[in-house]
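Accompanying notes for the structure given below.
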Amino acid sequence: MNAYFWLIPILPGLAAALNGLAPKATGRMAGHLAVLAMLGSLAISSMALFAALTAGHAFQPIDIDYFTWIGVGGLNIPFGVYVDQLSLVMMMVVSFVGSVIFIYATGYMHGDPGYVRFFTYLPLFTFFMFLLVMGNSLPLLFVGWEGVGLCSYLLIGYFYDRDYAAAAGMKAFIVNRIGDFGFLLGMLLLFWYTGSLKFTGLFEAAPGVFTAGGAVITVITLLLFVGATGKSAQLPLYVWLPDAMAGPTPVSALIHAATMVTAGIYMIARLNPLFSMAPVTLLVVGTIGGLTALFAASIALVQRDSKKILAYSTVSQLGYMFLALGSGAYIAAIFHLMTHAFFKACLFLGAGSVLHAFHRDTDVDVFEAGGLRKYMPYTRATFLIATIAISGIPPLAGFWSKDEILWEAFAAGRVFLWFLGILAAFCTAFYMFRLYNLLFSGEFRGTEDQRHHLHESPAVMWLPLAVLAAFSICIGCVNMPLLGYTGFHDFLHPVFAHGAAHGAEAVEENAFLASSFLSEHMLEWIFAGISVVVAVVAILFARVFYVWFPNMPERMREAFSSIHTILFNKYYVDEMYHAGFIQTYFNGCGAANWFDNRVIIAGLNGLANTVRGLADRLRRIQTGLAPHYALGTLAGMVFLVVVFLLCY
Amino acid sequence: MVGAFFFWIFAFTAFFAGVGVVASRNPMHSAISLVAVLISIAGLFLALHAEFLAWILVIVYTGAVMVLIVFVISLLNLDKDEPIDYTAARRWGMAALTMFIAAFLVYLYADPLIGAGHPAKPPVPDDWGSVQTVAIDLFTRYMIVVQLAGVLLTAAVIGAVVVARKPEQNEEREPGA
Amino acid sequence: MQIQVPEISLWQVLPELIVLATAVGVLASDLFVKSVQRVNVTLTATLGLLIAFFTARSLEASATPIFAGMVVRDSLSILLDQIFLAGAMLVTWIGHEYARRNPRQFPEFTALVLFATIGMMVIAMSADLIPLFVGIELLSLPLFVLAGSDKDRLASGEASLKYFLLGAFSTGFLVYGIAFIFGVTRTTNLTVIGQSLAAHAEATPLLVLGFALLLVGLGFKISLAPFHMWAPDVYQGAPTPATAWIATGSKIAGFVALMRVFTLPDVSFAALSDYWTPGIWWLALITMIIGNAGALMQSDLKRMLAYSSIAHGGYLAMAFTSGTRIGAEATLFYMAAYLLMTVGAFGVAIAASRSGQECEKIADLSGLARQRPWLAFAMSIFMLSLAGMPGTAGFVGKLWLFGAAVQAQYYSLALIGVLTTLLSFYYYLRVIVYMYVHEPDDRLLFNRYSFSNGLALTVCAVGLVGLGVFPNLLWSTIRLCTGAV
Amino acid sequence: MIGLYHFLILSGVLFSLGVLGVLLRRNALVVLMAVELMLNAANLAVVAFVRYPMFGDGGIVNAQDYAAMTNGMTLVFLVMTVAAAEVGVGLAIVINLYRQKKSVNIEEANALKG
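Chains as they are written, first to last, in the numbering used here: chain G, 71 to 718; chain D, 5 to 181; chain R, 3 to 487; chain V, -17 to 96.
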């Protein structure tokens, strides 16, 4: 089995090479080729997972060096794979969600002039993603890291003839460079201190080299975390992700929701022995994650473009994962990563299905849609399932993972993180159902011409949706601590045991928990209850605002006899509105939006413009006159003499 | 004393002729000034007992190289005055240059091995620096370098021909003509 | 009078002699054979370079200087000979393509490339300042000419004029620097200089001034800021194959000269590194910033590559400053990678011409991927490697360069280096975006490119990926060099 | 008494004059001549160094080897050779420029910039 691991990345890589170098030969077969390659990778990954599951506790991480990649002095970086439980989970997510999305894309991109180009970049992306999750050293991880970034950049700019796509590509580009900067420096420092960049070597050397909680490890992990904020779209480097929706929808689903953006999560989880030694970093990670979760969720409340809403939702959910990492709950983060991959892919593909019905590539104003349940029953059903899942309603997948994160955060003594998380959970349920209601409930609000063309997507598109929806329902069952089943947790536990053993006491005990008269299990139930109630209330709000309230007059006359109650309700909402509560609240969300537009984006643009201005200024030195160049040479000489004089 | 006298004569000639190279408005005057500089330097070489170098400086430089330059000046009909303007950038250049010279002199005086009195010239045999001794050096220890200089001159000749050759109008060497 | 003739071991300089014979042969073929065909010239040059390459490979390294201490055949010079010969071969191949469309370029073009190559090889094996100086001139003069060899373009003449005047100017500094070093140490032999400096490990002001002047002269060759200003103009104006050789061969040779003079332990100025490192430190810093900032806003492909090449000189200088063994190793590795990616990029610039129109602007590459997928793919590899994308030799090289700087505790230098590298992604990826994303201009189709050009690009691309994935192929040889000297 | 630094200062002055010429003059031929001035200034310094051993007893070269040390002269000889070659190529380049622009003013060659 282990001998075939190299095939997992190579298969999509081959497909990409074939499509890229012989586009005329593969032609319309390009999509099928890519799907086939992905299914091959999926098959091998599944067999590996099966082998690991049957082995149980006897499973040992597989570390294969294929050849020496970089060998210099004491540093020896092999080119090889490291497959442990964490890698297996990631491989499964990438290959499974990837396969489904590939199949969907063959339908979605059908007839697009860039069909082959699309199916060159996408397998290339999975190739790098596999390298990222399977590589056995930090540089190899970085290979994948940069590779997926490149593919993402190319795919965001896919509709090159549109200005915003080009601008979006640029923004993604700048932001990711900032992140890479941190990553590279962190990596260089790690190499400098430990003399190794291979994971096994790093983890062995780390306890001896670094003092737990010391400044060095804190700086290194913070730098690495900067890299993670770039790739995984956290405050303040999240801005590129919503804009990245300019790419085709399957790309958004695969790259900007399910896989690539989780690279930061994976990296921190992979390096958990290092992060566990730096409690300050963990605190920063958790706080940034929590703030991002709430911040992005509140922005999502006021967006009008369906893919934008989903994008902010992704940022917010990634924030949850960082929140979990920062609480030392690595497994909960990975668990949420997995469930999120399924339901967010399903949501994105569902949104893509709607776009398909509108015959657009991107950007549907949700207020132009509505009532689509009549026209697109399958899409609606799967979308609803995924929406419930993300909102955290039991027993769907999202509930289990999100609840575990919140509980772990609380149990770890990070009560403020729990509070941020629960607020974000309220927003999440609200905006998701707002989106769902605006798209599928009520009456169609678009033009007659649009209504005429509305249709359900072909089976090649809705079948993948159905598969993802099915998983959104049941994937949570691998880990149900409330019911006493922790299979997923047990499976992943060996990966994180090592770090926990050597780490500093990252998180303090929760005093409340310790002194509570309730048993821990009881508290767990209570917190789960709170989450559910919050979600349900939010869903109801959404229903009231976007379904019941706009049509209130008709509904009063036709459907309901209890006029009084509804009047009261209406009054109530109105009053709240006028009293300014809601208004203020929505203004607040608007402010977040404003902050996003004016401060962060303007800041980035300003940075870019400053660099450009400086570059232009520098160009003017180059006058084209040889005597000026000679003068430059002479100035350099004088400068050197001065430097030498000073140093002499 | 005689040595000092020669030195000052040649040094002043070299300096003023050097100024002439830079400041003459007429390129021909610059060229003639450069010849004067070179002859003065040859004189200084003689004072320094570098007989061979003095002669080749006169023969090769003034005899061949400078004649070539003068020839080109005549060929291109450049033998006329041209304005020399001093723009801001140039003034900056001169300032930088002054700084450089100042730094240079500071260096020289700061060097204990130069500043501490004038080291005497050690006595040398009569044929020191003569054609024979230098030639022996060139063709034994420095043989490979002299060969390389030959390659360099060959390359330079070919290069000069390539650059100076008139472009052949619409004449293709190819294919298989 | 007793005349002692030193031992003449011609077989030790056989590669140089073979290249010289090839150059003369190429010229002679033009003189005596009327129906000389381009293919023959390229084939002759290729054959000669191949023979020289394998001769160089088969030479046995020895740290003892030969020819009365003038040159040394150590493993460093043997490795560099191979690098230069391979580079000359690649340049000849892409030059073949250029000459096909500009018939007047031949065959002096090839001959001059070969002469310049001899100069580089001489620099690589110099054990004395005198052959080093002659080698530098032997390298420069043919390049001055090559820059001006395209008579049809005014820019070419302008490029050669600027290159020549500023080159001669910097030669003045170089000679003056050598004069001071000679004055202080009373010798030009690098080994003796090294020994005496190590014995009196203290610099006199005159010596330090000599370092500064020497740095100006060599800094010009490797276009370190602020001695870089000729580079963008010359790169843009010169015929592209000449640009390729100026950008790679000349720059690498300049670094080799720096290495021979400054860093090789026990040989040269290494003992006084405290005195000269601050200077190079600053130059590296300024160069990285100016190179990357200059490239940022360029629309001309060759000019952009020129600034990028300046920036790479800065990275190399950064590792060079560290003065450690790992720094020297990283520099050597990066030189080889740099040669492949730069020659490759210029090769694509030659190949991606449309009928009657050279590729000048970056925008001229629009739609290359659609019409010439392999060309676009190769260019992507070159750009990604220049940017330092993982999986290419450029990344491995940069990792080591930065590693060397970090190891030498030049944190700020490494920081600026990483920052500017990230900045450089912008202009390198822009090329890829033009090739892959922008719509081709279908009115003008790209020309077919010749076999030799395709071969050169393939070699470069395969080499870059190969060295990116298996850097040890070169690494073991390099370690031999730095271990031996 | 004339010593080493008389020669060095003269050499420095001539070198600076050459640099000044390169900076100030626009005629390519005069610039070329100024470069020649720089090279010859350097030569003068080398010959002066050959004649005046800077280091006494603590010097790098011991006294009895001095008579045999004419290698500085070889350096000067080669610099002259190189300068001659450079002038050859330079004149060719200047003629080429003149043919294109009908002028040898280097400031007219400023199409390449930025």
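Using N, Cα and C, we set each Cβ at its ideal position, and we do this for glycine too. From a predicted model like this one, the values you see are computed outputs, not experimental measurements.
With the cut-off set at 8 Å, would you say residue i and residue j are in Cβ contact?
i: residue 295 (chain G); j: residue 401 (chain G); result: no
i: residue 241 (chain R); j: residue 288 (chain R); result: no
i: residue 470 (chain G); j: residue 549 (chain G); result: yes
i: residue 395 (chain G); j: residue 338 (chain G); result: yes
i: residue 217 (chain G); j: residue 201 (chain G); result: yes
i: residue 15 (chain V); j: residue 43 (chain D); result: no
i: residue 40 (chain D); j: residue 17 (chain D); result: yes
i: residue 308 (chain G); j: residue 270 (chain G); result: no
i: residue 74 (chain R); j: residue 65 (chain R); result: yes
i: residue 349 (chain R); j: residue 192 (chain R); result: no
i: residue 32 (chain D); j: residue 83 (chain D); result: yes
i: residue 542 (chain G); j: residue 494 (chain G); result: no
i: residue 331 (chain G); j: residue 388 (chain G); result: yes
i: residue 290 (chain G); j: residue 260 (chain G); result: yes
I want to see whether chain R comes within less than 8 Å of residue i, judged by CB atoms only; does it?
i: residue 39 (chain V); result: With a pLDDT of only 40 at residue 39 (chain V), under 50, the local geometry of the prediction cannot be trusted, and the value read off the model is given with reservation. Residue 39 (chain V) does not count as touching chain R.
i: residue 66 (chain V); result: no
i: residue 88 (chain V); result: yes
What are the residues that DSSP puts in a beta bridge with residue i?
i: residue 455 (chain G); result: Beta-bridge pairing links residue 455 (chain G) to no other residue.
i: residue 514 (chain G); result: Partner(s): none; residue 514 (chain G) has no beta bridge.
i: residue 448 (chain R); result: R:356
i: residue 377 (chain G); result: Beta-bridge pairing links residue 377 (chain G) to no other residue.
i: residue 150 (chain D); result: Bridge partners of residue 150 (chain D): none, in fact.
Taking the alpha helix (DSSP H) that residue i belongs to, which residues open and close that run?
i: residue 73 (chain G); result: No alpha helix (DSSP H) holds residue 73 (chain G); DSSP gives it neither H nor E.
i: residue 61 (chain R); result: Premise fails: residue 61 (chain R) is in no alpha helix (DSSP H) and is neither H nor E.
i: residue 281 (chain G); result: Residue 281 (chain G) -> no alpha helix (DSSP H), and no H or E assigned at all.
i: residue -8 (chain V); result: -14 to 6
i: residue 432 (chain R); result: 413 to 438
i: residue 534 (chain G); result: 529 to 544
i: residue 103 (chain R); result: 77 to 103
i: residue 320 (chain R); result: 303 to 324
Cβ of residue i less than 8 Å from any chain G Cβ?
i: residue 94 (chain V); result: yes
i: residue 21 (chain V); result: no
i: residue 101 (chain D); result: yes
i: residue 487 (chain R); result: Since pLDDT at residue 487 (chain R) reaches only 40, below the 50 mark, its modelled position is unreliable, and no value is offered.
i: residue 295 (chain R); result: yes
So that I know if they touch, is there some Cβ in chain D lying closer than 8 Å to that of residue i?
i: residue 20 (chain R); result: no
i: residue 698 (chain G); result: yes
i: residue 715 (chain G); result: yes
i: residue 42 (chain V); result: Here the model assigns residue 42 (chain V) a pLDDT of 41, short of 50, so the residue's position is not dependable, and the following value carries that caveat. Not closer than 8 Å to any Cβ of chain D, the Cβ of residue 42 (chain V) fails to qualify, so no.
Relative to the ligand GDP, is the shortest distance from any of its heavy atoms to the C-beta of residue i smaller than 7 Å?
i: residue 490 (chain G); result: In terms of ligand content, the structure shown is empty, and the ligand GDP therefore cannot be addressed.
Could you confirm whether any beta carbon from chain V is found closer than 8 Å to the beta carbon of residue i?
i: residue 694 (chain G); result: yes
i: residue 473 (chain R); result: no
i: residue 149 (chain D); result: yes
### Task
Mind the definition here: the region 436 to 445 of chain G touches the region 496 to 514 of chain G only if three or more C-beta pairs lie below 8 Å; say whether that holds.
yes
### Query
Using 8 Å as the Cβ pair cut-off and three pairs as the minimum, do the region 55 to 70 of chain D and the region 147 to 167 of chain D touch?
no
### Task
Say whether the region 369 to 385 of chain R touches the region 471 to 481 of chain R, bearing in mind that this needs 3 or more beta-carbon pairs closer than 8 Å, one atom from each stretch.
no
### Task
Evaluate contact between the region 285 to 304 of chain R and the region 326 to 336 of chain R, counting only Cβ atoms and requiring at least three cross-stretch pairs below 8 Å.
no
### Query
Using 8 Å as the Cβ pair cut-off and three pairs as the minimum, do the region 449 to 465 of chain R and the region 686 to 698 of chain G touch?
no
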